[in-house]
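Number of protein chains: 2
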Amino acid sequence: MNLSIDHKNPLPLHIQAENLLRNMIKDPQYSGGKFLPNEVQLAKQLAISRSTLRHALNKLVYEGLLTRKKGVGTKVAEAAISSKSKNWLSFTQEMTARGIIIKNFELHVTWVLPDETIANFFEISPNKKVLKLERLRGKAEGPFVYFISYFHPRVGLTGEEDFKRPLYDILEKDYMTVATLSKEEISAKSADKFIAAKLELETGHPILLRKRFVYDQGERPIEYNLGYYRADSFVYTVESRRE
Amino acid sequence: MNLSIDHKNPLPLHIQAENLLRNMIKDPQYSGGKFLPNEVQLAKQLAISRSTLRHALNKLVYEGLLTRKKGVGTKVAEAAISSKSKNWLSFTQEMTARGIIIKNFELHVTWVLPDETIANFFEISPNKKVLKLERLRGKAEGPFVYFISYFHPRVGLTGEEDFKRPLYDILEKDYMTVATLSKEEISAKSADKFIAAKLELETGHPILLRKRFVYDQGERPIEYNLGYYRADSFVYTVESRRE
DNA sequence: CCGGATATTATGTACAAACATATAAACATA
DNA sequence: TATGTTTATATGTTTGTACATAATATCCGG
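Going line by line, the protein sequences match chains A and B.
Take 439 as the starting number for the first sequence in the numbering used here and just add one per residue.
Take 439 as the starting number for the second sequence in the numbering used here and just add one per residue.
(1) Determine the direct distance from the alpha carbon of Lys621 (chain B) to that of Arg488 (chain B), and round the result to whole angstroms.
(2) If you pair each beta-carbon of the segment 561-568 of chain A with each one of the segment 527-546 of chain A, do three or more pairs fall below 8 Å?
(3) So what does DSSP say about Phe651 (chain B), is it helix, strand or coil?
(4) With 16 as the cutoff for other CB atoms within 10 Å, does Val514 (chain B) come out buried or exposed?
(5) If you draw a straight line from the C-alpha of Ala592 (chain A) to the C-alpha of Val499 (chain A), how long is it?
(6) Got a sec: is the Cβ-Cβ distance from Ala557 (chain B) to anything in chain A below 8 Å?
(7) Closer than 7 Å between beta carbons: that is the criterion. Which residues of the segment 473-506 of chain B meet it against chain A?
(8) Quick one: Cα of Thr530 (chain A) to Cα of Asn447 (chain B), how far?
(9) Between the alpha carbons of Gly470 (chain A) and Ala629 (chain B), how many angstroms are there, rounded?
(10) Any beta carbon of chain B sitting closer than 8 Å to that of Glu664 (chain A)?
(11) For Arg650 (chain A) and Thr618 (chain B), I'd like the C-alpha separation in whole angstroms.
(12) Whose CA, out of A:Ala481, A:Asn496 and A:Phe473, lies closest to the CA of Gly509 (chain A)?
(13) Using a beta-carbon distance below 8 Å, is Ala669 (chain A) in contact with chain B?
(14) Under 7 Å Cβ to Cβ from Lys482 (chain B), same chain only, skipping five residues before and after it: list those, please.
(15) Could you list the residues in the segment 617-630 of chain B with a C-beta less than 8 Å from some C-beta on chain A, going in chain order?
(16) Would you please verify whether the beta carbon of Thr675 (chain A) is less than 8 Å from any beta carbon of chain B?
(17) Is it the case that the segment 575-583 of chain A contacts the segment 663-675 of chain A, given that we only count it when at least three CB pairs across the two stretches are under 8 Å?
(18) Does the beta carbon of Ser678 (chain A) sit closer than 8 Å to a beta carbon anywhere in chain B?
(19) So if DSSP puts His546 (chain B) in a beta bridge, which residue, or which two residues, is it bridged to?
(20) Check the C-beta distance from His452 (chain A) over to Ala494 (chain A) and give it rounded, since I have them as a contact under 8 Å.
(21) Taking its Cβ as the centre, do 16 or more other Cβ atoms sit within 10 Å of Leu551 (chain B), making it buried, or is it exposed?
(22) Which partner residues of Arg592 (chain B) appear in the DSSP bridge assignment?
(23) From the DSSP output, in three-state form, read off Asn457 (chain A) for me.
(24) Does DSSP put Arg668 (chain A) in a helix, in a strand, or in coil?
(25) Kindly say whether Ala515 (chain A), judged by its beta-carbon, lies nearer than 8 Å to any beta-carbon of chain B.
(26) Indicate whether at least one CB of chain B lies closer than 8 Å to the CB of Gly580 (chain A).
(27) Would you verify that the beta carbon of Gly576 (chain B) is, or is not, closer than 8 Å to some beta carbon of chain A?
(28) Flag Gly642 (chain B) as yes if its beta-carbon sits less than 8 Å from any beta-carbon of chain A, otherwise no.
(29) Sort A:Ile556, A:Glu501, A:Lys497 and A:Leu503 by Cα distance to Tyr662 (chain A) and report the nearest one.
(30) Are Leu491 (chain A) and Ile463 (chain A) closer than 8 Å when you measure CB to CB?
(31) Given a threshold of 16 other Cβ atoms within 10 Å of its Cβ, counted over all protein chains shown, does Ser521 (chain B) qualify as buried or as exposed?
(32) Apart from the five residues on each side of it in sequence, which residues of its chain come closer than 8 Å, Cβ to Cβ, to His590 (chain A)?
(33) Rounding to the nearest angstrom, what Cα-Cα distance links Lys602 (chain B) and Glu610 (chain B) in this structure?
(34) To the nearest angstrom, report how far apart Leu664 (chain A) and Leu647 (chain A) are at their CA atoms.
(35) Beta strand (DSSP E) containing Arg506 (chain B): first to last residue?
(36) Taking the DSSP output, what are the residues bridged to Asn447 (chain B)?
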């Protein structure tokens, strides 16, 4: 990856700067909490104007990757894993944007009979089997989330798909299904034996349960998703504005 | 709401412009699909520079409320529908709407020194005391949430207010402060001894912690709020739509 | 009437220059 | 020692200017 800015490159300078910063802040030196060089200096270093640099910084600040404080400086935001409802990035995409590399620990695909909640949500008979996808995911140090997804038969998944690809990519490109609306319920629970074992913690420890009801363009249900997150490594964030 | 920009107002011009635009685009004339005036013209109209106007526009574009096209113009995004007003009911209002009658079990008002998080958020010195409001609330059968609120000194609360009135009513009517933006973080925790006692459950039981960072019209911080909810009686819901 | 050159319009990119303001450190005073 | 005061530092705000580029409208020759 390029470590300097090329004024000949047709790519706008502020985009180049943005990319460059994205790499720069992955350096443990910075993600460890050290302040970035100050704007004037950094601008000089990159041979761009402060305004252009600021344009790039703003974007990362807006995404929540950097925090700035007047009179003090700019540094990488606390690496607390979080989820922004506004973004429709895939899980992996969003995490990588924050410099977190996602490792897949387990992956199981099965066909099961839906329980009442699922049959109700999908509006199908409880006798019709649905595809169940279970995934244990996390960082290199260990897993921090156990996902269980159920898919509406209408979507057409066979279970033979390569689920290492981003899920929403598979749905869009191969099954012409676009997830457009999502309703989520977030609650706290104690880890039962099963989840505790998966997430490598003691039974009874707190976990964050995130249920997602996902709909397609026509507001038809397509996915029911449960995410069991280790409480010590996940924060859910929401931003709302009154009109 | 003000329909023009006041250079005397200490509120930064680009924030004023942002607020103004937010109102402007509510007009069916614009939400109907008409282009906004072009940047040069609009800047002249508002008596600010194009750069400043652009700063404001950028924000709305980033939020997905506006779309711009080079050489063409700027207009309100098609499906920028948000049913967020629901989020902005007061706690009591919202609960009553669901048929839940709220009982106040405890209410404490104190002046305290802010910890680092709060001082940082408020952008004040850790030596300046802030008003702390604690409330234990719930249903007749028992409490289910413990709220702790800290208020920015700027707001002007004395601690003598009648906190049985809805909080946002006090802020708006008596202190000319309108909570406009809120950022929330939801996480799971185990109840410590203090919270467990308040919520009448065993130490170690799971609770949902909802941190809220509340801002006024000028995006200045006004309230920091912690809500400790019994996990068995509270679910947080979010709805998001992709465009 | 068509197709291509050309002009117009509006946003996009980039720089430079001031001045404002919050923070923290260094310093001075009671 | 405790408390102001100054100063250096870094981000925040605002303006002015210039040119680039995409989309559209216009004109003009064949």
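Glycine included, every Cβ here is placed at the ideal spot set by N, Cα and C.
Taking the coordinates as given:
(1) 29 Å
(2) The segment 561-568 of chain A is not in contact with the segment 527-546 of chain A.
(3) Strand at Phe651 (chain B).
(4) Classification of Val514 (chain B): buried, given that the 10 Å Cβ count is 16 or more.
(5) The displayed chain sequence assigns Arg, not Ala, to residue 592 (chain A). So the alpha carbons of these two residues sit roughly 40 Å apart.
(6) No Cβ of chain A is located within less than 8 Å of the beta carbon of Ala557 (chain B).
(7) Tyr500
(8) 44 Å
(9) 30 Å
(10) Correcting the residue type first, residue 664 (chain A) is Leu in the shown sequence and not Glu. Taking Cβ atoms only, chain B never reaches closer than 8 Å to Leu664 (chain A), which makes this a no.
(11) Taking the straight line joining both Cα atoms gives about 27 Å.
(12) A:Phe473
(13) True, the Cβ-Cβ gap to chain B drops below 8 Å.
(14) Within the same chain, and ignoring the five residues on either side of Lys482 (chain B) in sequence, no residue has its Cβ closer than 7 Å to its Cβ.
(15) Ala617, Thr618, Leu619, Ser620, Lys621, Glu622, Glu623, Ile624, Ser625, Ala626, Lys627 and Ser628
(16) yes
(17) Yes, the segment 663-675 of chain A is in contact with the segment 575-583 of chain A.
(18) yes
(19) Beta-bridge partners of His546 (chain B) (DSSP): B:Glu572.
(20) 5 Å
(21) exposed
(22) Per DSSP, none; premise fails for Arg592 (chain B).
(23) helix
(24) strand
(25) So, not an interface residue.
(26) no
(27) no
(28) True, the Cβ-Cβ gap to chain A drops below 8 Å.
(29) A:Ile556
(30) no
(31) With a pLDDT of only 38 at Ser521 (chain B), under 50, the local geometry of the prediction cannot be trusted, and no value is derived from it.
(32) In its chain, beyond the 5 residues on either side, Phe560, Ile562, Val568, Arg658, Pro659, Ile660 and Glu661 have a beta carbon closer than 8 Å to the beta carbon of His590 (chain A).
(33) 15 Å
(34) So the alpha carbons of these two residues sit roughly 7 Å apart.
(35) Leu504 to Lys507
(36) Under DSSP, Asn447 (chain B) takes part in no beta bridge, so it has no partner.
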